[in-house]
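All the letters of the sequence shown, read from the start, carry residue numbers 0 to 378 under numbering that gives the first Met the number 0. Written below as structure tokens is the structure these notes are about.
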Amino acid sequence: MRRVNIKYLIACLILILSLTLGTGCALTCAFPGVETLPPPSPSPSPPLTHAATPIDPNWAPPPTGSMTLVLPTIADVVAEVKPSVVAINTEIMTYDLFGRPFKQPAAGSGWIIDEDGLIVTNNHVVTGAETVTVTLDDGSTFPAETVRTDPLTDLAVVKINAQDLPAADTGDSHELRVGNWVVAIGNSLGLGISAKEGIVSRQGVSVTVSAGQTLYDLIETSAAINPGNSGGPLVNMAGEVIGITSAKIAQVGVEGMGYAISSNVAIPIIEELVQNGYVTRPWLGVVLYTVDQYAVLWYQLAVDKGVLVTEVAPGSPADNAGLEAGDVIVGFDGEEITTAEELMQALHSSQVGQEVKITYWRGETKNTASAILVESPPP
Numbered sequence: 000m001r002r003v004n005i006k007y008l009i010a011c012l013i014l015i016l017s018l019t020l021g022t023g024c025a026l027t028c029a030f031p032g033v034e035t036l037p038p039p040s041p042s043p044s045p046p047l048t049h050a051a052t053p054i055d056p057n058w059a060p061p062p063t064g065s066m067t068l069v070l071p072t073i074a075d076v077v078a079e080v081k082p083s084v085v086a087i088n089t090e091i092m093t094y095d096l097f098g099r100p101f102k103q104p105a106a107g108s109g110w111i112i113d114e115d116g117l118i119v120t121n122n123h124v125v126t127g128a129e130t131v132t133v134t135l136d137d138g139s140t141f142p143a144e145t146v147r148t149d150p151l152t153d154l155a156v157v158k159i160n161a162q163d164l165p166a167a168d169t170g171d172s173h174e175l176r177v178g179n180w181v182v183a184i185g186n187s188l189g190l191g192i193s194a195k196e197g198i199v200s201r202q203g204v205s206v207t208v209s210a211g212q213t214l215y216d217l218i219e220t221s222a223a224i225n226p227g228n229s230g231g232p233l234v235n236m237a238g239e240v241i242g243i244t245s246a247k248i249a250q251v252g253v254e255g256m257g258y259a260i261s262s263n264v265a266i267p268i269i270e271e272l273v274q275n276g277y278v279t280r281p282w283l284g285v286v287l288y289t290v291d292q293y294a295v296l297w298y299q300l301a302v303d304k305g306v307l308v309t310e311v312a313p314g315s316p317a318d319n320a321g322l323e324a325g326d327v328i329v330g331f332d333g334e335e336i337t338t339a340e341e342l343m344q345a346l347h348s349s350q351v352g353q354e355v356k357i358t359y360w361r362g363e364t365k366n367t368a369s370a371i372l373v374e375s376p377p378p
């Protein structure tokens, strides 16, 4: 029997493993009697050229872009619009702790929409005021001759006896994009007309400003909105009014969340205030209250969601449809209703003369009625 050379076998195994793993270069120190192959030589790389010779004599850098659109500066926008912005000062009768009456001064803003003395502002700027005074950019003052308001949209029109005023241009708020620059101009803090820049942060925002009142299709802006700015214009970089500043979120730690009524919502309301003196809308003739836990307990309601009817106007569409105080409306023309704001929005989206289906609960019974909407009566 032939004897096996153990050292030879080990050397062969190591050589096989090294070739398999690609480490043959590590076996230059072979065992006795074992020859190893030298590692393969790499292909020679071309030498780098460091001489001052051209790479491509015909190469040229790409042409630089040119700014063909020259944007106006904020200063240009303010200079164009500021003559159309007015300060509005009011006096509201109020009472002290002892019931004694006194006049409380307040300040707001507005802007000239027509050269013959038509001023746009917010309803909350002028509502309940004993006197309303308009101060123009040149310092001249005029008492308000006529005030027409629409509390639902927080808009108002003030008429002064003046002509040839610098009316502001209005723009299309639907053309706005988030990130567009805007400028809020107004009588901030009652200290005179000033300007604050910002951008469009959001569009189509709904904000509840008081119990039972929600403003819709608002423009959210980072431009600073302070007391006194209400009613002033929010303008784009073309100097066009695209919003009427109306509200802000005033909480600790919250900044840059002001809201303006969009021009596309405001202009039809302003037109009706000027032409009719009030805004006509579809009318149902009910006073509403959003159902909550207190209403459920107090009125012993069978449902915990919907809109409680607290009053029905005699001869109104609701009265003719058979609705009564104490009913809870849960559906309007096929849409589920859970709050008074939802019902009012659905009602205002309808048409005068339209027949609508109303679903409601009376006690433990669910009912359906039809009402034909009519034009809202004058305020």
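All residues carry an ideal CB built from backbone N, CA and C; glycine is no exception.
Cβ-based burial, residue i [other Cβ within 10 Å; buried from 16]
i	result
Glu363	exposed
His173	exposed
Phe101	exposed
Ala371	The sequence as given places Ile at residue 371; Ala does not occur at that position. Exposed.
Gly230	buried
Ser261	buried
Trp297	exposed
Pro316	buried
Pro313	exposed
Asp115	exposed
Ser187	buried
Asp153	buried
Gly227	buried
Leu190	exposed
Straight-line Cα distance separating residue j from residue i
i	j	result
Ala237	Val264	20 Å
Thr358	Ala259	35 Å
Leu217	Ile268	15 Å
Val146	Met256	29 Å
Arg201	Leu96	42 Å
Thr93	Ser139	28 Å
Thr279	Ala345	15 Å
Gly386	Glu79	In the structure displayed, the chain extends from 0 to 378; residue 386 sits before or after that span and is not available.
Lys304	Gln350	26 Å
Gly197	Thr72	13 Å
Ala294	Leu300	7 Å
Trp282	Gln103	35 Å
Ser348	Arg361	26 Å
DSSP-derived helix/strand/coil call for residue i
i	result
Ile87	strand
Arg361	strand
Asn366	strand
Asp332	coil
Ser193	strand
Glu380	Any answer about residue 380 is impossible in this case: the structure gives the chain only from 0 up to 378.
Tyr288	strand
Ile118	strand
Ala345	helix
Presumed contact (8 Å Cβ cut-off) between residue i and residue j, rounded CB distance
i	j	result
Val181	Thr220	6 Å
Gly284	Asp332	The pair is not a contact, with the Cβ atoms about 16 Å apart (cut-off 8 Å).
Ala183	Leu135	19 Å between Cβ atoms; not a contact.
Leu117	Val273	7 Å
Ala194	Ile111	At roughly 16 Å, the Cβ-Cβ gap does not stay under 8 Å, so Ala194 and Ile111 are not in contact.
Leu287	Val302	Not a contact, Cβ separation roughly 15 Å.
Thr148	Val133	With 8 Å as the limit, Thr148 and Val133 do not qualify as a contact, their Cβ atoms being about 15 Å apart.
Bridge partners - residue i, DSSP secondary structure assignment
i	result
Gln103	Ile91
Ala324	According to DSSP, which records beta bridges pairwise, Ala324 is partnered with nothing at all.
Phe141	Val133
Tyr258	Glu219, Ala246
Trp282	Val373
Ile198	Trp180
Thr170	The sequence shown places Gly at residue 170, not Thr. DSSP output for Gly170 lists no bridge partner at all.
Ser108	Ala86
Glu310	Val286
CB contact below 7 Å: residue i versus chain D
i	result
Gly362	The structure shown contains no chain D; it holds only a single protein chain.
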